[in-house]
Every structure is written in C-alpha cells, then in structure tokens.
Amino acid sequence: MRMLRNLCLMLIVATAAYAPAAAAIDRAVVEKLAFGDTSEKLEAIAVLVTEGDPRAAPVLAALADGELQTAEKRVLIVKGDRATDAVTGEAVAPLPAGREDVVANNRLRREIGSALAALRVRAPDRDVRLAAARELSDSADEAMLPLIRKALELEKDAEIRSLLEMAQATLQLRSPDRVTRLDAIRTLGQSSNPSMKTLLLPIVSKKPDGAFAEPDEAVRAEAHNSLKAIEGRLEWGERFGLLFAGVSLGSILLLAALGLAITYGLMGVINMAHGELIMVGAYATYVVQNLFRAYAPDVFDWYLACAVPAAFAVSAAVGMVLERTVIRWLYGRPLETLLATWGISLVLIQAVRTIFGAQNVQVENPAFMSGGIQVLSNLVLPWNRIVIVIFAAAVVTGIWLLLTRTRLGLFVRGVTQNRAMASCVGVPTSRVDTWAFGLGSGIAGLAGCALSQIGNVGPDLGQGYIVDSFMVVVFGGVGQLAGTIYAALVLGMVNKFIESWSGAVIAKIAVLVFIIFFIQRRPQGMFALRGRAVEA
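Position one of the sequence shown corresponds to residue 28 (my numbering), numbered consecutively onward.
What follows is the structure, given as structure tokens:
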C-alpha cells in the first residue's frame, strides 16, 4: 500500500510542473503543520487541501509516514540519508544535526488520508482519480468541498463524476442553506449505495420527545422520497442476488444428483455410497493440488485442469470396483443393495480418515476463481460460484452428448428400457452395467471437485448431499435426466427464497414436506418415464 501511495504521489507531483501554482508552499502553513498543536495542524491540513497545490501531497504523506522532521525553524522531508526542504522542495545537504520528528496521532493520520485523496482527484491517471473519488465518497471533510468542486469542473469520466457528486452532496447535506440541502438530498437519491441511507435516515427520524429531527417539512419529504428510491434499487440487487444464489445452489445439487440419476434413475440401484463417491472426488482434487504445490508451483493456478479428470477417474474406478464386487450380485434386491452400499459408505469414510485424518482439509481456489464481480452496489457475484455454474452446464452437456450421440449411450438407454431385448440383440448388459455405474460414480467425483472450491473437504462431505441428491432424482422423475436438471434448479431456487424469509432450517423442512406431498400426488415425478420400461 505504501508503494502504491508513493506512486500516486509521483503522479501528482508530475502534474505540478503544469500547474500555475506559486514557487513554493505557504511557509506559515507548513510551519503550523510542523510546530503547531493538534488543532493547528488540522487547520493547516484544511488550508493545504483548500489551496489544492499538488506539492502539498509529499508533505502530508511525509507527516503520516513519520518522515517529516524539523531542524530549528526549518521543516524537512527526510528519506534515509537524503533531505528536502518541505517549503521549497530544494535538496538539503548535509543533513542538519539536532533534528526532531514531527509526530502525527491517529486523528491526524485519518485527516491526512482524506486530504491526500482530495489531492489525488486531480491526478492525470484515471485509476488514481477513481480510487481517490471512492475514498472521498466515504470520508470527505467540509474543507475539501472547494477542491471537489474544482475536480468536478475538470472531470470528464462518468464514473468518477458520479462518485465526486456523491461526495459533494454528502458535504452539502450539512449546509444551513435549505436549497443546497434539497439539491444534496436529490443527488443522494440517485445513488444505489447502501451507506447513503445512513445519511438520509436522521433527517426523517424523530427525537425522544416525538419531534422530528428535521423541522423543515419539505426537506423531510424530499429525504423520504430519496430513501424510497435508494431502497428500490437495493431491493433489485437483493432479488438478483437471491436468484443467483438459487441458480448456484441448483447447479451444486445438479452436480451431486446427476451421477445418482444414472445409477439409481437408469439402473435402479439405490446407492447409499453416492455421497462418499463425491467425497472421493474432493480428496482426489486435494491430492492433485498438493502435487502441483510441491512439484509445479509456477503453474499452480492450472491444477484444476488435472484435478477434474483425476476426480472423475478415481471416483469412476471406485464405483466400477464396487459394481463388480458387490452390487452386481444384488440387482433386483433393493433392500439388500441399500444396506450393502450403506456399509460401503462407512468403509470409505473410515478409509479416508485413516489416510488423510479426521480433520477437514482445505483446497485452495486458483487465482482466476478468487474474488468476485460487482454487478450492483450491494451485489457481488463470487467467481468460484460463477465457474461452478458454468462447469455444471458443461457436465450436463457432456452427459447429454454421451447418452444420445455415442454407442455407450445407446446401449445404456437400450438396457434401461428393456434389458432382456437388449441382451437378445447382442448388447453386453453386464459390461454396460459396469460402465454406466462407473459413469455415474465419475460424475459424483466431478461434483466433489466442484464442492472443494466452495468449502473445506472432510470425511463427512458426502453425507450432506445424499438426501438432497435422492430428492432431486425422485422429484424430477426416475430415469429422466431432463427432469433431474429442472428439479435441481427448482429446489435450489425454492430453498433460497424460503431461506431468505425464514432461515435455512425452516427452508429445509419446507422443501422436505413439499417433496413428500408431491410424491404422494405424483409418484412418477415431474417427468414420467415412457416406453417399454413402464409397461414391464
């Protein structure tokens, strides 16, 4: 931050050569800044800001950084073994003896920060001016109003002008002039910044005795209208945020349930170890991350390119082994399959605890998935959630192409609709079962890879998604991949909308109750399965 500020100061000083300023800063003001008490120093800062001389920036920065010193009546900016006169800017050599530091307390440092921001609004670099305008919109002082007005006269950038207008309106709100205050309130009403509400609320509030804090009825009415306008814009941000949260949750549920839609929906296997296959994919991502950190730290941000296929392959391999060794002998026996896969889930959890420990492990986001994009003043969309939504769409597209455009997909659909007839025409049904179960397990691994980017990874990771996955598959329609997609999005949005009103616990209960009543009325789900499988 200090290097950035020094760069900004260099840009400001560079413009001083083109400014029609005097040859030196007012000596009396600089001496008051160095030798005066706190109140006098505050007055000196206000004067320097009002004058708007860019040469004042290095002096104020030196005071904040502890580099302003005095030698008798002379004020110096000392950096290492070099010194310059704070008034004239001339180099001073050798360093005078008996120098004393000029001390700045926290209050002075805050005022200096605002003063430097006020001076930076006239810098030639747009990014510097934008950062200064943002700082002023949050912490401006009345002494900076003339400088803000001058900056507005010269500023052409719409975003910076908007911020400066907000800062100016914030200061004008304290004016005793009624017309000035009304103009300021109208300007604040055009903002979508939540902090503007805190400036307007005192105007419409009442004192303990019941009287309004603002005696002027016209000012109160204008403040009330501006508050309504700001709240209306904020409500749109909240609605969009809620919609995105619903889509984000729906994409996570879709990834978790898509593999189950194949193993349960298409194959009829009640796989209670599906959540643990999600966990296996998450731990595979964790292992790949550690390998990249240890052996390829320069390309660490690309570890997901290897983690995604690794998570799919490891989970698919585990699933195929389970199908070959256990589940194959239990087809057509749902109760035994449920109990066996539940036991397998416990074995997988204990195996992971033995290998990686019982504590959660952390998977780090790549740089491109860190932070977020600010859409509105009160709405920031995290990049990791955006990437997961796109990833879920890509996985769904890949599965659709696999099931509708490949030989394996044709075999899976044939076995699902009529296993006996598919076997009669030469389809290797047992091998198709293995590949289909491996496909569903691999998709669960992809879900684990995605989930590792939004939270910690632990042995119990999959336990939180197994019930939701079954709800999505049953609600969408057993054997219907399209229904799984719609069901995941619907349940995700409904869950988030109810959660915004009554909390996460009530939302979960409400969704479960809804699923129970829905299945009673429509056991086949939203999309009923059609074809010979129904007739059988």
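Heads up, the beta-carbon is just placed ideally off N, CA and C, and yes, glycines get one too.
Proximity below 8 Å, CB of V148 to CB of A131: Taking the first residue of the sequence shown as 1, we reach residue 148 at position 121. Taking the first residue of the sequence shown as 1, we reach residue 131 at position 104. Not closer than 8 Å, so no.
Can you give me the C-alpha to C-alpha distance between R434 and W427, rounded to a whole angstrom? One-based indexing of the sequence shown puts residue 434 at position 407. One-based indexing of the sequence shown puts residue 427 at position 400. Roughly 13 Å separates the two Cα atoms.
Please check if any C-beta of chain B sits within less than 8 Å of the C-beta of P324. Although the question refers to chain B, the structure presented lacks it and comprises just one protein chain.
Return helix, strand or coil for V561, following the three-state DSSP convention. Walking along the sequence shown from the start, residue 561 turns up at place 534. Reliability fails at V561, whose pLDDT of 46 lies under 50, so the model's placement of it is uncertain and no value is given.
Do M193 and S232 count as a contact pair if the criterion is CB distance below 8 Å? Your numbering for residue 232 matches position 205 in the sequence shown. Your numbering for residue 193 matches position 166 in the sequence shown. Not closer than 8 Å, so no.
Whether or not the stretch 290–301 and the stretch 464–478 are in contact is what I'm after, with contact meaning three or more pairs of Cβ atoms, one per stretch, closer than 8 Å; do they touch? yes
Beta-carbon spacing of L87, A142 below 8 Å: As a first step, residue 87 must be located in the sequence shown, where it is residue number 60. As a first step, residue 142 must be located in the sequence shown, where it is residue number 115. The criterion of a C-beta distance shorter than 8 Å is satisfied by L87 and A142.
Give, in chain order, every unbroken run of the alpha helix (DSSP H) that is at least 4 residues long and sits entirely within the stretch 491–523. 493–503
Under the rule that 16 or more other beta-carbon atoms within 10 Å means buried, what is V374, buried or exposed? Taking the sequence shown and counting its residues from 1, the one referred to as residue 374 is at position 347. By the neighbour-count rule (16 or more Cβ atoms within 10 Å), V374 is not buried but exposed.
Does the stretch 415–422 touch the stretch 278–289, meaning 3 or more C-beta pairs lie closer than 8 Å? Short answer: they touch.
Can you tell me whether DSSP reads A323 as helix, strand or coil? The residue given as residue 323 occupies position 296 in the sequence shown. Three-state DSSP puts A323 in coil, outside helix and strand.
Would you decide whether N411 is buried or exposed? Buried here means 16 or more other CB atoms lie within 10 Å of its CB. Position 384 of the sequence shown, counting from 1, holds the residue named residue 411. N411 is buried by the Cβ-count criterion.
Using the beta-carbon count (16 or more within 10 Å), is L397 buried or exposed? Numbered from 1 along the sequence shown, position 370 holds the residue referred to as residue 397. Sequence inspection shows Ser at residue 397; the Leu mentioned does not correspond to that position. That one is exposed.
In chain order, what residues of the same chain lie with their CB nearer than 6 Å to the CB of V442, ignoring the 5 residues before and after it? If you number the sequence shown from 1, residue 442 lands on position 415. Result list for V442: A449, T456 and V459, in chain order.
May I ask you to report which of helix, strand or coil DSSP gives V105? Here residue 105 refers to the residue found at position 78 of the sequence shown. Three-state result, V105: strand.
Measuring alpha carbon to alpha carbon, tell me which residue in Y310, S275 and E58 is nearest I376. On the sequence shown, position 349 is the one that residue 376 refers to. The residue with the shortest Cα to Cα distance from I376 is Y310.
Give the C-beta separation of M553 and A514 to the nearest angstrom, bearing in mind that I take them to be a contact with Cβ-Cβ under 8 Å. The residue given as residue 553 occupies position 526 in the sequence shown. The residue given as residue 514 occupies position 487 in the sequence shown. With a Cβ gap of about 6 Å, M553 and A514 count as contacting.
Under 8 Å between C-beta atoms of I104 and T97: Locating residue 104 in the sequence shown gives position 77, counting from the first residue. Locating residue 97 in the sequence shown gives position 70, counting from the first residue. Against a cut-off of 8 Å, the Cβ pair of T97 and I104 comes out as no contact.
Between R137, M520, I52 and F464, which has its C-alpha nearest L285's C-alpha? Here residue 285 is taken as the residue at index 258 of the sequence shown, counted from 1. Measuring from the Cα of L285, the nearest candidate turns out to be F464.
Own chain partners of R320 with C-beta closer than 7 Å, once the 5 adjacent residues on each side are dropped: For the purposes of this step, residue 320 is identified with residue 293 of the sequence shown, where counting begins at 1. If we look at R320 and ignore the five residues flanking it on each side, its Cβ neighbours are F327.
Local Cβ density within 10 Å of Q195, reported as buried at 16 or more and exposed below that: Along the sequence shown, one-based indexing puts residue 195 at 168. Result: buried.
Buried or exposed (CB count within 10 angstroms, at least 16 for buried), P550: Within the sequence shown, the letter at position 523 stands for residue 550. By the 10 Å Cβ count, P550 comes out exposed.
A41, buried or exposed, once every other Cβ within 10 Å from all chains shown has been counted against 16: To locate residue 41, count along the sequence shown from 1; it is residue 14. Bear in mind that a pLDDT of 42 at A41, under 50, signals an unreliable position, so the number given afterwards is only what the model happens to contain. Looking at its Cβ environment, which holds fewer than 16 other Cβ atoms inside 10 Å, A41 is exposed.
Kindly indicate which three-state DSSP category T433 falls into: helix, strand or coil? Within the sequence shown, numbered from 1, the residue matching residue 433 stands at position 406. It is coil, neither helix nor strand.
For P336, which of V315, W356 and F497 has the nearest alpha-carbon? Looking up residue 336 in the sequence shown gives position 309. Answer by Cα proximity: V315.
Please identify the residue among A256, V439, G425 and A84 whose C-alpha is closest to the C-alpha of W462. Here residue 462 is taken as the residue at index 435 of the sequence shown, counted from 1. Here the closest residue by C-alpha is V439.
With distances taken Cα to Cα, identify the nearest neighbour of N317 among G259, E391 and L365. By 1-based counting over the sequence shown, the position of residue 317 is 290. Considering only G259, E391 and L365, the residue with the shortest C-alpha distance to N317 is E391.
For A71 versus L95, is the C-beta distance shorter than 8 Å? Taking the sequence shown and counting its residues from 1, one reaches residue 71 at position 44. Taking the sequence shown and counting its residues from 1, one reaches residue 95 at position 68. No. Outside cutoff.
So L90 is in the alpha helix (DSSP H); what residue range does that whole segment cover? In the sequence shown, counting from the first residue as 1, residue 90 sits at position 63. Its alpha helix (DSSP H) spans residues A83 to D92.
Best match in V454, D243, P121 and E258 for proximity to M223 [C-alpha to C-alpha]: As a first step, residue 223 must be located in the sequence shown, where it is residue number 196. Of the listed residues, the one whose Cα sits closest to M223 is E258.
Considering only the alpha carbon of each residue, which of G295, A477 and N220 lies closest to R260? Along the sequence shown, read from residue 1 onward, the residue named residue 260 stands at position 233. The alpha carbon of R260 has as its nearest neighbour, out of G295, A477 and N220, the alpha carbon of N220.
Check whether the Cβ atoms of R488 and M306 sit closer than 8 Å, and answer yes or no. Reading the sequence shown from its first residue, position 461 is the one you call residue 488. Reading the sequence shown from its first residue, position 279 is the one you call residue 306. According to the sequence provided, residue 488 is Leu. The question's Arg does not apply to it. It is a contact, given that the beta carbons lie within the stated cut-off.
Please determine, among A240, G63 and I481, the residue with the shortest C-alpha to C-alpha distance to L226. Taking the sequence shown and counting its residues from 1, one reaches residue 226 at position 199. Answer by Cα proximity: A240.
Take every Cβ of the stretch 349–368, pair it with every Cβ of the stretch 515–533, and state whether three or more of those distances are shorter than 8 Å. no
Looking at R205: is its Cβ nearer than 8 Å to the Cβ of V155? On the sequence shown, residue 205 is found 178 positions in, with the first residue counted as 1. On the sequence shown, residue 155 is found 128 positions in, with the first residue counted as 1. Cβ distance not < 8 Å, so R205 and V155 don't count as in contact.
Are S275 and G308 touching if we call contact CB-CB under 8 Å? Translated into positions along the sequence shown, residue 275 becomes position 248. Translated into positions along the sequence shown, residue 308 becomes position 281. Going by C-beta atoms, S275 is not nearer than 8 Å to G308.
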